[in-house]
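Below is one structure, written out as structure tokens; comments come after it.
Residue numbers (my numbering): 4 to 186.
Rendered as structure tokens:
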């Protein structure tokens, strides 16, 4: 006969409810990001369709993996993930992506905008985990941040260089001369 034992956390190991809420918020945000990137993946059009279609699939897969990681972290803290679509709708700050065909540059900009909102939120989560003295959850968010930054770089690389914006939202000067060479 096997006996099941439930591990008990000591008082000092109990998760901060703010960290659980933070993880659940990001689980919802990630679910929304996933669904919106898939929408762009399905509806992007243009001469570079296949490359962008595949890139969007990579971004969506990343978001799905992040959601799974967050839900598993929530469970490891002996809490319950709130990962339904309804939770995503209530919690997510992402603007709704357009329904219909989206030409490739517009689709890239739309996905990039949502990825940047997600990135800023993850950065805030890293800081909140530090305040809550939860280095393990902080590491989860740091790992997520690295992947988000990489995907944002991939997306930006598909935009014309004169359209790249700096941190203040201004157009960054092009580093290419009119003949296409770097200055």
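Ideal placement from N, C-alpha and C gives every residue a C-beta, glycine not left out.
Residue 105 - DSSP class collapsed to helix/strand/coil: strand
For residue 28, the first and last residue of its enclosing alpha helix (DSSP H): 20 to 46
C-beta atoms of residue 65 and residue 150 nearer than 9 Å: yes
Sequence-distant residues of the same chain with beta carbon closer than 6 Å to residue 176, five excluded per side: At residue 176, the pLDDT of 47 sits below 50, so the modelled position is not reliable and the matter cannot be decided from this model.
Residue 156 burial status per 10 Å Cβ neighbour count (16 or more: buried): exposed
DSSP state of residue 203 mapped onto helix, strand, coil: With the chain covering only 4 through 186, there is no way to say anything about residue 203.
Opening and closing residue of the alpha helix (DSSP H) in which residue 83 lies: Per DSSP, residue 83 belongs to no alpha helix (DSSP H) and is neither H nor E.
Residue 78 versus 158, 140, 95, residue with shortest Cα-Cα distance: 140
Inter-stretch contact (C-beta, 8 Å, three-pair minimum) for the stretch 84 to 102 and the stretch 31 to 47: yes
Same chain, Cβ closer than 6 Å to residue 62, five either side skipped, listed in chain order: 40, 154
Backbone CA spacing between residue 127 and residue 104 [nearest angstrom]: 33 Å
Cβ-Cβ distance between residue 100 and residue 54 below 9 Å: no
Short Cβ contact (9 Å threshold) for residue 111 with residue 162: yes
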